[in-house]
Amino acid sequence: MKYLLLFALLAAVLFLLYWRLRPYIRGLRRFIGVVREIRRVRGGERPADLPRRPGRAAAANEKLLRCAACGTWMPTSRAVTLRGGATYCSHTCLERSADPRHTAHKSAS
6 MKYLLLFALL AAVLFLLYWR LRPYIRGLRR FIGVVREIRR VRGGERPADL PRRPGRAAAA
66 NEKLLRCAAC GTWMPTSRAV TLRGGATYCS HTCLERSADP RHTAHKSAS
């Protein structure tokens, strides 16, 4: 009985200590997370939730092409190029430019 009372008292003291230190523990965990993120970025690793793109590092040295539909500039590796030489930034822009409703010309007035 004496050991059970001593154990309950010790558990209550540890719980109260944890309860008071909880905001500091949470801040320390956030700080450690930031340090880990900085180390990961410096090491060149990618987050697990981001998809990998092949040739992403080479995109910095690539020639840029302009989308024929919306005018967006993109690297050559990401461009959708037709046989006639027209380039588009995505298949959506390619389909949109083929749709007659979106190809209406603006008047000068």
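The numbering used here puts the sequence shown at residues 6 to 114.
Here a beta-carbon is modelled for each residue, glycine too, at the ideal position from N, C-alpha and C.
Using only the alpha-carbon positions, how far apart do residue i and residue j sit?
i: W78; j: L70; result: 5 angstroms
i: F20; j: T97; result: 58 angstroms
i: R44; j: A13; result: 42 angstroms
i: F36; j: V46; result: 15 angstroms
i: Y23; j: L99; result: 60 angstroms
i: R31; j: A16; result: 21 angstroms
i: V18; j: R25; result: 11 angstroms
i: L11; j: R27; result: 24 angstroms
i: R88; j: R101; result: 18 angstroms
i: R41; j: R34; result: 11 angstroms
i: P105; j: G48; result: 49 angstroms
Nearest by alpha-carbon distance to residue i: which of the options is it?
i: Y93; options: C75, P105 and R106; result: C75
i: G90; options: V46, V18 and A73; result: A73
Answer with buried or exposed for residue i, where buried requires no fewer than 16 other C-beta atoms within 10 angstroms of its C-beta.
i: A103; result: exposed
I'd like the list of long-range same chain contacts for residue i, defined as Cβ closer than 7 angstroms, with 5 residues on each side in sequence excluded.
i: T86; result: T92
i: Y29; result: none
Keeping to the same chain, check which residues put their C-beta closer than 8 angstroms to that of residue i; ignore five residues upstream and five downstream.
i: T81; result: E67, K68, L69 and L70
i: G38; result: none
Which runs of the beta strand (DSSP E) at least 3 residues long sit entirely within the stretch 17-51? Give them in chain order. none
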